[in-house]
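So the mapping is simple: our numbering equals the position in the sequence shown, first residue as 1, plus 31.
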Amino acid sequence: MKRESKRLKEWKRRWNPLSNKERNIVQEYLLRFGVDINQLKGKIIRIEKRVFLVTEDVYGILKQYGGEGIYAAGIEMGVLHDEFEPSISCADIIAELSGEKIVINEKGEQLFSYGRDVFLSNIVERGSAGEKIVINEKGEVLGIGYFNGEMLENVVDKGFYLRGKKGRSR
Numbered sequence: 032m033k034r035e036s037k038r039l040k041e042w043k044r045r046w047n048p049l050s051n052k053e054r055n056i057v058q059e060y061l062l063r064f065g066v067d068i069n070q071l072k073g074k075i076i077r078i079e080k081r082v083f084l085v086t087e088d089v090y091g092i093l094k095q096y097g098g099e100g101i102y103a104a105g106i107e108m109g110v111l112h113d114e115f116e117p118s119i120s121c122a123d124i125i126a127e128l129s130g131e132k133i134v135i136n137e138k139g140e141q142l143f144s145y146g147r148d149v150f151l152s153n154i155v156e157r158g159s160a161g162e163k164i165v166i167n168e169k170g171e172v173l174g175i176g177y178f179n180g181e182m183l184e185n186v187v188d189k190g191f192y193l194r195g196k197k198g199r200s201r
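Here is the structure:
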């Protein structure tokens, strides 16, 4: 009986546009990087607690389809709880729109990709304290970190897929 109710729940899974409150939570997070939610190309939707960025075409198809039984659509931006928890894809999407970046060297890249913190000696370019898009010297996005002025703390990185764990949440 439990198996049937789980399948039924999965089938009933629906997508929805973000409510004003949810939109404000995501907007608040993006503004940490100087990115306005309206700069994103596409529409932002929610499937359960997960937030996705979809193209206008996909959004139209979802509206036409009705939305039941949808598991995922577009690019996963993160998860909504009381706060917005970004995915690594979110870092990729906002990197081109944000000036809040920090550049680390090869040694720093290795540390960061293994979920470790990065010290000043491995930081090539930095700005003021706060959350930053972390990139290597080639300009490749590695994740999101929090720079406290002395050290870059890992928030989420591409290596967590390989490690099978999440980065640390701030």
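Note that CB positions come from ideal geometry on N, CA and C, so glycine has one too.
Query raised in the report: Going straight from the alpha carbon of residue 188 to that of residue 95, what length do you get?
Result: On the sequence shown, position 157 is the one that residue 188 refers to. On the sequence shown, position 64 is the one that residue 95 refers to. Their backbone Cα atoms lie some 36 Å apart in a straight line.
Query raised in the report: Name the DSSP bridge partner or partners of residue 47?
Result: The residue you call residue 47 lines up with position 16 of the sequence shown. Note: residue 47 sits in a beta bridge opposite 77.
Query - Continuous beta strand (DSSP E) stretch holding residue 187: start and end - result: Taking the sequence shown and counting its residues from 1, the one referred to as residue 187 is at position 156. Unbroken beta strand (DSSP E) run through residue 187: 182 to 188.
Query raised in the report: Exposed or buried, what is residue 117 when buried is set at 16 or more other beta-carbons lying within 10 Å of its beta-carbon?
Result: Position 86 of the sequence shown holds residue 117. Label assigned to residue 117: buried.
Query raised in the report: Can the beta-carbon of residue 168 be found closer than 9 Å to that of residue 155?
Result: One-based indexing of the sequence shown puts residue 168 at position 137. One-based indexing of the sequence shown puts residue 155 at position 124. The Cβ atoms of residue 168 and residue 155 lie closer than 9 Å to each other.
Report task. Report the partner residues of residue 82 according to the DSSP bridge assignment. Result -> The count along the sequence shown starts at 1 and reaches residue 82 at position 51. Bridge partners of residue 82: 77, 109.
Query raised in the report: Who are the near neighbours of residue 198 in its chain, counting only those whose CB is closer than 7 Å to its CB and skipping five residues on each side?
Result: For the purposes of this step, residue 198 is identified with residue 167 of the sequence shown, where counting begins at 1. Because residue 198 sits at a pLDDT of 46, beneath the cut-off of 50, its placement in the model cannot be relied upon, and the following sentence gives the value as read from the coordinates. So the list reads 146, 174, 185, 186, 187, 188, 191, once near-sequence residues are dropped.
Query raised in the report: Are the Cβ atoms of residue 54 and residue 75 separated by less than 9 Å?
Result: Within the sequence shown, the letter at position 23 stands for residue 54. Within the sequence shown, the letter at position 44 stands for residue 75. In contact: residue 54 and residue 75 (Cβ atoms closer than 9 Å).
Query raised in the report: Whose C-beta lies closer than 8 Å to the C-beta of residue 48 among residues of the same chain, with five residues either side of it excluded?
Result: Mapped onto the sequence shown, residue 48 falls at position 17. Once the five neighbours on either side are set aside, the close Cβ partners of residue 48 are 74, 75, 76, 77.
Query raised in the report: If you draw a straight line from the alpha carbon of residue 138 to that of residue 153, how long is it in whole angstroms?
Result: Taking the sequence shown and counting its residues from 1, one reaches residue 138 at position 107. Taking the sequence shown and counting its residues from 1, one reaches residue 153 at position 122. Cα to Cα, residue 138 sits roughly 6 Å from residue 153.
Query - Distance, residue 121 Cα to residue 80 Cα - result: Numbered from its first residue, the sequence shown carries residue 80 at position 49. Numbered from its first residue, the sequence shown carries residue 121 at position 90. When rounded, the distance between both Cα atoms is 15 Å.
Query - Three-state secondary structure (DSSP) of residue 56 - result: Walking along the sequence shown from the start, residue 56 turns up at place 25. Correct three-state label for residue 56: helix.
Query raised in the report: Which residues in the same chain have their Cβ closer than 6 Å to the Cβ of residue 60, if we skip the five residues on either side of it in sequence?
Result: Numbered from 1 along the sequence shown, position 29 holds the residue referred to as residue 60. Result list for residue 60: 115, in chain order.
Query - Length of the line joining the Cα atoms of residue 57 and residue 51 - result: For this step, residue 57 is matched to residue 26 along the sequence shown. For this step, residue 51 is matched to residue 20 along the sequence shown. Cα to Cα, the separation comes out at about 10 Å.
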